[in-house]
Amino acid sequence: MDTFIHLASWLCLLLGCCFCMIGGVGLLRLPDFYSRIHGGGVTDTLGAGLVITGLMLQGGLTLTTAKLAMILLFLLLTSPVATHAIARAAQHSGLKPQVADDAA
Amino acid sequence: MSNFISDISLQIDLVDIVLLTILVVVAVAVIRVRDLFEAVVLLGIFSLLSACIFTTLDAVDVAFTEAAVGAGISTVLFLATLTLTARKEKAQYSHSWSGFIVCTLTGGALIYGTLDMPHFGDPDAPIHQHVAPRYIVDSPEEIGVPNMVTSVLASYRGYDTLGETTVIFTAGLTVLLLLRRDRRSRDRSASPPTAETTDRRGSHVMRHAMVLRVMSKLFIPLILLFALYVQFHGDFGPGGGFQAGVIFAAAFVLYALIYGVEAAQRVAPPARVQVFVALGLLLYIGTGLASLFAGGNFLEYKVLAHEASHGEHIGILFIELGVGITVAAAIINTFFYFAGRGRA
Amino acid sequence: MFIAAMLGVLATMLLALVRALKGPTVYDRVLAVNMFGTKTVLLLAVIGFLTGRPDFLDLSLVYVLINFIGTIAILKFVEFGSIGSNEEEARA
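Protein sequences appear in the order of chains A, B and C. Here my numbering is used: position 53 in the first sequence is 37, and no number is missing along the way. Counting the second sequence from 1 gives a position; my numbering is that position plus 2. Counting the third sequence from 1 gives a position; my numbering is that position plus 166.
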């Protein structure tokens, strides 16, 4: 049971890092601002969630795990709101998304 | 390679090297970027990196303060200043060689001066032989507070902390003196804001930002609660008065950002906030005077109760509260004066 | 393994930093800084576990809240400041 939890936490940590890096590469390579938001979104929710879940599995049932759960909750609440605010501000100031017929 | 994997200090060294390199890159970028707004955003990243480096150096209380002040409050105040000035830096076409030479010579002299000092982290350095062991050995019995940083800050070095709190009080006072006269003269000359303009600006915020409004209503109580937790948990973990004051002020700043400075000033009228700036410092000095009246020296907490360590606990509690109140009020005051000026 | 997790998060921070330095519009930079902030939260939590001192989680918690406030502040001031001439700059 212990090795299973240990293995699961390693897996979560490594997967979380992979998703973070995928999101980071997406932030760099995607062509338009509005599509780059998706790159950031992947890291903030899936990547962060998996990393923190991995750390929680390492911690067991202690105050540390409760604090990690709170961090996860706050992250999941604040990151989408911040991203929404960024997208809204960009739209209000006139930044237009790149649509297919622009490129053609 | 197996040495690297098993040795945690080597891993932390690698992280340190990467973080310091990124820090240098960001610093160069801040200097080179022409648009001041982007410089402010990059300074936010700079303070984040500093917080991470402090954490790898095991200085958690400092990292805490850096995270709260540098990326939150400093960014907000820089942006408030930017609304009053130009956004782009003026292009400089002449380079000053004399300035460069002076800087290089001074920096070289400073580096030469540090060659005489003991190595970083050297266990034989004088500070690790005399001062630090005394605190580490005696603090558990004399004071009994688990977080040794708090016991050094609040009790052993109580005078220094009193000086720091006075500095914060003076800074808040200076902001008041410099900026208040400007507002009063401007209010007298300009017409008072009509209900229409306030409404228009206020309703622009409120009509379109429903997600922000709802989520901030959820967060502001949590931030305030967390500030109280940090204040009173400073004895046991990282935290204390300074950090708690900054986080408490950050909640008010968030409210002012979402709902407008006028609404925030209805919640926390500037006149009352200014009273609190002085009240915190008075609480600190009052604790010192109380220990004078109880028969000990100024700021000698152990005479405040029957048992020495209980007296220390009570003294630390009150002065941390005083520090927290002054810091929170000073930051809220400064933010109100900075942010309120941009509306014209 | 914590060191692998830490290196992964550091690599992501580097990528976000490149976007923050490069980003043509100001909103790219704000997005990159926001992402940098959440990666700092993860980095602090992992460093805490690596050095065996879970007190660092208070730091991560503060960081989540402050990151949010900083992002909202930047966006608010971009909106307030984007009256008149700054709109074309923001679009460029």
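Heads up, the beta-carbon is just placed ideally off N, CA and C, and yes, glycines get one too.
1. Output the distance between the C-alpha atoms of residue 242 of chain B and residue 207 of chain C, rounded to the nearest integer angstrom.
2. Whole angstroms is fine: what's the gap from residue 149 of chain B's alpha carbon to residue 224 of chain C's?
3. Whose C-beta lies closer than 7 Å to the C-beta of residue 29 of chain A among residues of the same chain, with five residues either side of it excluded?
4. If you draw a straight line from the alpha carbon of residue 342 of chain B to that of residue 83 of chain B, how long is it in whole angstroms?
5. For the region 251 to 270 of chain B and the region 225 to 236 of chain B, state whether three or more C-beta atom pairs, one from each stretch, are separated by less than 8 Å.
6. What did DSSP end up calling residue 162 of chain B once you bin it into helix, strand or coil?
7. Any C-beta of chain B sitting closer than 8 Å to the C-beta of residue 53 of chain A?
8. With 8 Å as the threshold, decide whether the Cβ of residue 239 of chain C is near any Cβ in chain A.
9. Residue 47 of chain B touches chain C at which residues, Cβ-Cβ below 8 Å?
10. What's the C-alpha gap between residue 6 of chain A and residue 29 of chain B?
11. Using a Cβ cut-off of 9 Å, which residues of the region 75 to 98 of chain B contact any Cβ in chain A, in chain order?
12. Could you give the C-beta distance for residue 347 of chain B and residue 77 of chain B, rounded to a whole number, given that I count them as a contact under 8 Å?
13. Alpha carbon to alpha carbon, how far is residue 3 of chain A from residue 184 of chain C?
14. In chain B, what lies closer than 7 Å to residue 236 of chain C by C-beta?
15. Can you tell me which of the three DSSP states residue 90 of chain B falls into?
16. Please work out which residues of its chain come closer than 7 Å, Cβ to Cβ, to residue 283 of chain B, disregarding the five sequence neighbours upstream and downstream, and give them in chain order.
17. Measure the Cβ-Cβ separation of residue 260 of chain B and residue 218 of chain B and say whether it is below 8 Å.
18. Return the chain-ordered list of same chain residues with a C-beta closer than 8 Å to the C-beta of residue 221 of chain C, the five sequence neighbours on each side being excluded.
19. Beta-carbon within less than 7 Å of residue 244 of chain B's beta-carbon, same chain only, minus the 5 sequence neighbours each way: which residues are those?
20. To the nearest angstrom, how far is it from the Cα of residue 115 of chain B to the Cα of residue 98 of chain B?
21. Contact defined as beta carbons within less than 8 Å: I believe residue 238 of chain C pairs with residue 214 of chain B. What is the distance between those atoms, to the nearest angstrom?
22. Which residues, taken in chain order from the region 167 to 178 of chain C, show a beta carbon closer than 7 Å to some beta carbon of chain B?
23. So is residue 69 of chain A in contact with chain B if we call contact Cβ pairs under 8 Å?
24. Taking the straight line between their C-alpha atoms, what separation do you get for residue 208 of chain B and residue 20 of chain A?
25. Would you identify the three-state DSSP class for residue 37 of chain B, choosing helix, strand or coil?
26. With H, G and I counted as helix, E and B as strand and the rest as coil, what does DSSP make of residue 122 of chain B?
27. What residues from chain B crowd round residue 65 of chain A, counting only those whose CB sits closer than 8 Å?
28. Can you name the residues of chain C whose CB is closer than 8 Å to the CB of residue 138 of chain B?
29. Pull up the distance between the alpha-carbon of residue 244 of chain C and that of residue 199 of chain C, whole angstroms please.
30. Using a beta-carbon distance cut-off of less than 7 Å, what residues from the region 12 to 27 of chain A approach chain C?
31. Here's a check: name, in chain order, each residue in its chain whose Cβ is nearer than 7 Å to the Cβ of residue 137 of chain B, leaving out the five neighbours to either side.
The answer reads as follows:
1. 20 Å
2. 14 Å
3. 60 and 63
4. 11 Å
5. yes
6. helix
7. no
8. no
9. 183, 186, 199 and 202
10. 27 Å
11. none
12. Any property of residue 347 of chain B remains undetermined from this structure, which presents chain B solely from 3 to 346.
13. 18 Å
14. 46, 73, 74 and 77
15. strand
16. 167, 168, 171, 324 and 328
17. yes
18. 214
19. 67, 325 and 329
20. 26 Å
21. 7 Å
22. 169, 172 and 176
23. yes
24. A caution first: residue 208 of chain B carries a pLDDT of 42, below 50, which makes its placement in the model unreliable, though a value can still be read off. So the two alpha carbons sit approximately 28 Å from each other.
25. strand
26. coil
27. 213, 214 and 217
28. Result: empty, since nearest Cβ-Cβ is about 17 Å, beyond 8 Å.
29. 15 Å
30. 12, 17, 20, 21, 24 and 27
31. 150, 154 and 158
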